[in-house]
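Engineer:
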Amino acid sequence: MIELNPAHLHRSDLAADAALLRPRRLRRTSSLRRLVRETTLTPADFVAPLFVRHGRNQRIPIRSMPGQFQLSVDQLAEEAKQIAGLGVPAVILFGIPAHKDAVGSDNYDPAGVVPQAIRAIKDAAPELIVISDMCFCEYTDHGHCGVINIPGEMHYHPHLPEGYLLDAPTRELLARASAVHAEAGADVIAPSGMVDGMVAAIRSGLDAAGFEHVAILSYAVKYASGFYGPFREAAESPPAFGDRSQYQMDPANRREAFKEADLDVVEGADMLMVKPALPYLDVLAALRERYPLPIAAYQVSGEYAMLHAAAANGWLDLKRCALESLIAIKRAGADFILTYFAKEAAKWVLE
Ligand code: PBG
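Using numbering that gives the first Met the number 0, you'd call the opening residue of the sequence shown number 0 and step up by one each time.
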């Protein structure tokens, strides 16, 4: 670091000092800029999210997320090969089951949509890392991320409020579903429900079932965000009543992110995630400083949709703004980024 001597900074020396220190010198040509660039993107920085649906021969475009599809299991081999061929090391799977119920049983059915998808991907592209998003909202008929306190339902608890998410039975089902996904071949389980104690429950469930090698990527710091809007159409998972703010974090809170992350680290998380990405770069940077674990950021559906909508109107250059967002997320401290731009961005960064 160049030290400016404050004693020299009186008016008459100011011009001389400024002449010595012209930051523009290193911006003069693209080669110079490349030489001194602090942050770079490579295809290995990206994880591609995939929406996997029941049925056959389905490739259903998601209206609010141009270029994204719900794919049936038979479509995944080709998709997985393409993604791996672009140098993207991992996918994360979201399931859209044929059948939803109060406890989201398709999630822990060995013949459920995601276990089938995991097998299909591992057959087609064995080296591609398969991350299984572990949450119940896509599988429950009420659309919440776990078992809900509803009179007449199996786990009803009269002392707890109606509509309250029940941690204990949810944890049990998360552990069970995680072992099923691991058995199908998942490399990483990514619990995204913000259920207290979820990481510990999943770790012991995996270990007890013989999957000590399967890693946990915890959505440790997940905000109750309006930017998930398009995802709920993509995954067909809007909550039937209320919203998710009883378990997801208040966007106003930063210190609380440390509390969530501390708990997940103690419970055995191998990697942490911050979500959404761009509106929470301060939180991402703070986590990067504080934890030695790999930290992921999720550029969510709304971030993707906004860029596409503006580009479709001719207001923004899609490629430029997408890459600028991704580099900002990496600069703030992400080791890797879950992004719907994964395939395109993998091509762009190699151009
Ligand atoms: C499931 C889940 C959500 C997202 C990822 N996993 C929705 C939510 O929590 O409401 C959002 C991803 C996106 O918006 O791209 N719990």
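Note that the Cβ used here is the ideal one computed from N, Cα and C, for glycine as well.
1. Does at least one heavy atom of the ligand PBG sit under 7 Å from the Cβ of Y227?
2. With a 10 Å radius around its C-beta and 16 neighbouring C-beta atoms as the bar for buried, classify K342 as buried or exposed.
3. Assign L325 to buried or exposed, taking buried as 16 or more other Cβ atoms, counted over all protein chains shown, within 10 Å of its Cβ.
4. Measuring only from the beta carbon, is R62 closer than 7 Å to any heavy atom that is part of the ligand ZN?
5. Closer than 8 Å by C-beta to P160: which residues in its own chain qualify, once you throw out the five before and the five after it? Chain order, please.
6. Taking the alpha carbon of V273 as the point to measure from, which residue in Y222, A327, G301, F240 has its own alpha carbon closest?
7. Between the alpha carbons of P250 and F226, how many angstroms are there, rounded?
8. Can you tell me whether DSSP reads S104 as helix, strand or coil?
9. Specify, as a first and last residue, the run of the alpha helix (DSSP H) that V113 falls within.
10. Let's see if you can read the secondary structure: which residues bound the beta strand (DSSP E) around S236?
11. Can you tell me whether D186 sits near the ligand PBG, meaning its C-beta is under 7 Å from at least one heavy atom of the ligand?
12. Roughly how many whole angstroms lie between the Cα atoms of P229 and I328?
13. Would a C-beta distance cut-off of 8 Å place P278 and Y297 closer than the cut-off?
14. If you scan the region 132-206 from start to end, which runs of the beta strand (DSSP E) of 3 or more residues do you find wholly inside it?
15. Determine the direct distance from the alpha carbon of A239 to that of A333, and round the result to whole angstroms.
16. Identify the continuous beta strand (DSSP E) that holds V90 and give its terminal residues.
17. Return helix, strand or coil for Q298, following the three-state DSSP convention.
18. Looking at the structure shown, is P48 part of a helix, part of a strand, or coil, going by DSSP?
19. Do P109 and V179 count as a contact pair if the criterion is CB distance below 8 Å?
20. Collect the residues with a C-beta less than 6 Å away from any heavy atom of the ligand PBG and give them in sequence order along the chain.
21. What ranges does the beta strand (DSSP E) occupy inside the region 30-79, keeping only unbroken runs of at least 3 residues that lie completely in it?
22. Identify, in the order they occur along the chain, each residue of the same chain with its Cβ nearer than 6 Å to the Cβ of Q74, setting aside the five sequence neighbours on each side.
23. Mark H98 as exposed unless 16 or more other C-beta atoms lie within 10 angstroms of its C-beta, in which case mark it buried.
24. For H141, collect the residues of the same chain with a Cβ closer than 6 Å to its Cβ; drop the 5 residues on either side in sequence, then sort them by chain order.
25. Check this for me: beta carbons of V102 and T41, under 8 Å apart or not?
26. Rounded to a whole number of angstroms, what is the C-alpha to C-alpha distance between V51 and P237?
27. Between which two residues does the beta strand (DSSP E) containing V378 stretch?
28. Less than 8 Å between the beta carbons of A183 and L127, yes or no?
29. Give a yes or no on whether the C-beta atoms belonging to R170 and G196 are separated by under 8 Å.
30. With C-beta atoms as the reference, is Y351 less than 8 Å away from P125?
31. Per DSSP, which residues does M305 bridge with? Please list them.
32. Relative to the C-alpha of L173, which candidate in M248, N106, A311 has its C-alpha closest?
33. Pop quiz: L322 and L306 are said to be a contact at Cβ under 8 Å. What is the actual Cβ separation, rounded to whole angstroms?
34. Can you list, in chain order, the residues of its chain with a C-beta nearer than 8 Å to that of L271? Leave out the 5 residues immediately preceding and following it.
35. Between which two residues does the alpha helix (DSSP H) carrying F257 extend?
36. Counting along the chain, where does the alpha helix (DSSP H) carrying V273 start and finish?
Structural biologist: Reading from the atomic positions:
1. yes
2. buried
3. buried
4. The ligand ZN is not among the ligands present in this structure, which contains only the ligand PBG.
5. N148
6. Y222
7. 11 Å
8. helix
9. 112-123
10. That residue, S236, is in no beta strand (DSSP E); it is neither H nor E in DSSP.
11. no
12. 20 Å
13. no
14. 187-190
15. 33 Å
16. 89-95
17. strand
18. strand
19. yes
20. D132, C134, C136, C144, S191, G192, Y227, F230, R243, V299, S300
21. 45-52, 58-60, 68-71
22. R58
23. exposed
24. I147, A239
25. no
26. 17 Å
27. Shown here, the chain extends from 0 to 350; a query on residue 378 therefore has no answer.
28. no
29. yes
30. The structure shown does not extend to residue 351, since the chain is modelled only from 0 through 350, so no value can be given for it.
31. Paired residues: none, contrary to the question.
32. N106
33. Actually they do not touch by this definition, with Cβ atoms about 10 Å apart.
34. L216, S217, A219, V220, A260, D263, V264, L286, Y290, L292, P293, I294, A295
35. 254-266
36. Per DSSP, V273 belongs to no alpha helix (DSSP H); it is in the beta strand (DSSP E), 270-274.
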